[in-house]
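The structure under discussion appears below in the form of structure tokens.
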Ligand SMILES: [Cu+2]
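Chains as they are written, first to last, in my numbering: chain A, 2 to 135; chain B, 330 to 533.
Pasting the structure below:
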């Protein structure tokens with residue numbers, strides 16, 4: 002009962018302004034690249050800006066978007082991404098993704114990978130992403 | 330951004346479908362019937378076995394796509410679609426179908442790199458091969474298959490590894506048993522049922 006009350010209290014008073022949910026990565030071998038996907042849920046009435054992602058698991062980490070031009074597909078680095086107030090921004094295949102370049106270890110299915118997302122207002126959010134197929 | 334791409338894709342696809350039905354009737358007559366120029370092409374598969382394209386696959390229906398393994402966003406979708414088509418084709422018991430995935434980044438996508446990319450995705454190699462080869466040979470083949478892959482600027486990681494990406498055609502190509510290109514589809518977001526149907530039609 003006490004535990005339940007504690008949980009309820011925590012839920013009520015610690016609804017974070019900004020949440021990162023459902024983080025997952027593509028499987029890939031050491032030395033190769035992977036992509037990280039997640040949802041950023043902004044419960045506040047202020048926008049926030051994701052401007053950096055770091056991880057010990059890759060040599061280089063960049064925020065990317067996939068684009069289409071003249072029937073060709075490509076991807077490029079973006080400096081930042083704004084999450085509007087009371088909205089959810091989804092990083093997903095074919096859209097925004099975080100590039101993990103030159104992995105320092107194998108990303109095996111069901112493995113977990115640590116990363117930190119840096120926001121202008123809400124500072125750092127630490128995540129553990131799951132490696133899975135699609 | 331992602332939503333925009335998605336809705337544009339659908340908007341583009343629907344009129345195309347109508348156009349097809351009205352003008353040619355895609356089901357029984359394919360939009361293309363084109364010999365692949367410049368052949369034969371001497372390539373390598375994921376086991377470093379020599380492959381001559383398209384000669385080695387004459388008599389088979391070939392489903393071919395184009396990827397590079399340093400692309401973790403779009404290309405795995407294409408590979409996944411190829412696997413789904415392979416499964417469907419197996420289910421409806423169409424024999425004589427070969428799946429090929431050619432890398433347009435042969436400098437980095439050596440046979441062993443392709444093998445690892447395939448193993449991580451549990452590729453069923455019974456009728457699925459990854460292809461790579463000499464850059465000049467691959468580039469010529471790409472040109473003859475209407476596939477464009479433009480290499481972007483190179484940057485370097487701290488350890489000095491070059492980092493570059495491609496802007497490329499998003500494509501799955503259907504080739505008939507005579508080695509002619511018969512239809513082309515998008516690779517990453519594609520109508521699997523349509524391709525399986527076309528394979529059935531070719532098989533009949
Ligand atoms: Cu990317």
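From the three backbone atoms N, C-alpha and C, an ideal C-beta is built for every residue, glycine too.
Q.
For a test of your reading of the model: does the CB of residue 497 (chain B) fall under 7 Å from any non-hydrogen atom of ligand 1? Yes or no.
A. The beta carbon of residue 497 (chain B) sits no closer than 7 Å to any heavy atom of ligand 1.
| Taking only beta-carbon atoms, is residue 477 (chain B) less than 8 Å away from chain A? | Under the Cβ criterion of 8 Å, residue 477 (chain B) is counted among the residues facing chain A.
Exercise. For residue 418 (chain B), which residues in chain A fall below 9 Å Cβ to Cβ?
Worked result: The contacting residues do not exist; residue 418 (chain B) stays about 19 Å from chain A at best.
**Q.** Rounded C-alpha distance that separates residue 114 (chain A) from residue 127 (chain A)
**A.** Those two C-alpha atoms are separated by around 11 Å.
Residues of the region 33 to 63 of chain A with Cβ closer than 8 Å to any Cβ of chain B, in chain order | Of all residues in the region 33 to 63 of chain A, 33, 34, 35, 36, 60, 61 have a Cβ within less than 8 Å of some Cβ in chain B.
* To do: Determine the closest residue to residue 528 (chain B) out of B:385, B:379, B:411, B:423, with distance taken between C-alpha atoms.
  => Minimum Cα-Cα distance from residue 528 (chain B) among the listed residues B:385, B:379, B:411, B:423 corresponds to B:423.
Where the region 383 to 415 of chain B meets chain A: residues whose CB sits under 8 Å from a CB there | Cβ contacts with chain A: 398, 399, 400, 401, 402, 403, 405, 406, 409.
Minimum length 4: unbroken alpha helix (DSSP H) runs contained in the region 417 to 505 of chain B: Counting whole runs of 4 or more residues, the region 417 to 505 of chain B contains the alpha helix (DSSP H) stretches 440 to 449, 464 to 473.
On the CB-based measure, 16 or more other CB atoms within 10 Å of its CB, does residue 401 (chain B) come out buried or exposed? Under this definition residue 401 (chain B) is a buried residue.
Which of helix, strand or coil DSSP assigns to residue 87 (chain A) | In this structure, DSSP gives residue 87 (chain A) a state outside helix and strand, which the three-state scheme calls coil.
| said: Let's test the definition: count the other Cβ atoms within 10 Å of the Cβ of residue 408 (chain B) and tell me whether it reaches 16, buried, or not, exposed. | reply: Its Cβ being crowded by 16 or more others within 10 Å, residue 408 (chain B) is buried.
Buried versus exposed call for residue 98 (chain A) [16 or more other C-beta atoms within 10 Å across all chains shown]
Buried, because 16 or more other Cβ atoms sit within 10 Å of the Cβ of residue 98 (chain A).
Exercise for the section: Check whether the Cβ of residue 402 (chain B) lies closer than 7 Å to any heavy atom of ligand 1, and answer yes or no. Expected result: The beta carbon of residue 402 (chain B) sits closer than 7 Å to at least one heavy atom of ligand 1.
Q.
Beta carbons nearer than 8 Å to chain A: which residues of the region 492 to 518 of chain B have them?
A. For the region 492 to 518 of chain B, residues whose beta-carbon sits nearer than 8 Å to a beta-carbon of chain A comprise 492, 494, 495, 496, 497, 498, 499, 517, 518.
Point to revise | Own chain, CB closer than 8 Å to residue 36 (chain A), minus 5 neighbours either side, in chain order | key: Closer than 8 Å at the Cβ level, and outside the excluded window around residue 36 (chain A), lie 26, 27, 65, 94, 98, 99, 100, 101.
Residue 77 (chain A): which of B:468, B:522, B:492 sits nearest, CA to CA?
-> When each option's Cα is compared against that of residue 77 (chain A), the closest is B:492.
Open item on the list: Under 8 Å, Cβ to Cβ, is there at least one residue of chain B near residue 117 (chain A)?
Closed with: Judged by the 8 Å Cβ criterion, residue 117 (chain A) is not in contact with chain B.
- Query: Out of curiosity, what's the CA-to-CA distance linking residue 488 (chain B) and residue 437 (chain B)?
  - Reply: Answer to the nearest angstrom: the Cα atoms are 17 Å apart.
**Asked** Where does residue 518 (chain B) land, buried or exposed, given buried means 16+ other C-beta within 10 angstroms?
**Response** Residue 518 (chain B) is buried by the Cβ-count criterion.
Cβ neighbour criterion (16 or more within 10 Å) applied to residue 461 (chain B): Classification of residue 461 (chain B): buried, given that the 10 Å Cβ count is 16 or more.
- Item | Within 9 Å of chain B by C-beta, residues of the region 85 to 105 of chain A in sequence order | Per Cβ criterion, the list reads 91, 92, 93, 94, 95, 96, 97, 98, 100, 101, 102, 103.
Next on the checklist: Quick check on residue 498 (chain B): buried or exposed, where buried means 16 or more other Cβ atoms within 10 Å of its Cβ?
Outcome noted: With 16 or more other Cβ atoms within 10 Å, it is buried.
Open item on the list: Taking 8 Å as the threshold (C-beta atoms), are residue 440 (chain B) and residue 368 (chain B) in contact?
Closed with: If you check the CB distance, residue 368 (chain B) and residue 440 (chain B) do not come in under 8 Å.
Check your understanding: Shorter than 8 Å from the beta carbon of residue 458 (chain B) to some beta carbon of chain A?
Key -> Chain A has no Cβ within less than 8 Å of the Cβ of residue 458 (chain B).
**Message:** Shorter than 7 Å, the distance from the beta carbon of residue 36 (chain A) to the closest heavy atom of ligand 1, or not?
**Reply:** Yes.
### Message
Measuring only from the beta carbon, is residue 33 (chain A) closer than 7 Å to any heavy atom that is part of ligand 1?
### Response
Result no, Cβ not under 7 Å from ligand 1.
If you check the beta carbons only, do residue 33 (chain A) and residue 398 (chain B) fall under 8 Å apart?
-> A contact, by the Cβ cut-off of 8 Å.
### Chain-order list of residues whose beta-carbon lies under 7 Å from that of residue 533 (chain B) (same chain, five-residue window excluded)
Beyond the five residues adjoining it in sequence on each side, residue 533 (chain B) comes within less than 7 Å, by CB distance, of no other residue in the same chain.
Of the residues B:480, B:417, B:520, B:513, the one placed nearest residue 363 (chain B), counting alpha carbons only: Nearest option by C-alpha distance: B:513.
**Asked** With DSSP run on the structure shown, which of helix, strand or coil describes residue 92 (chain A)?
**Response** Here DSSP, grouped into helix, strand and coil, assigns residue 92 (chain A) to coil.
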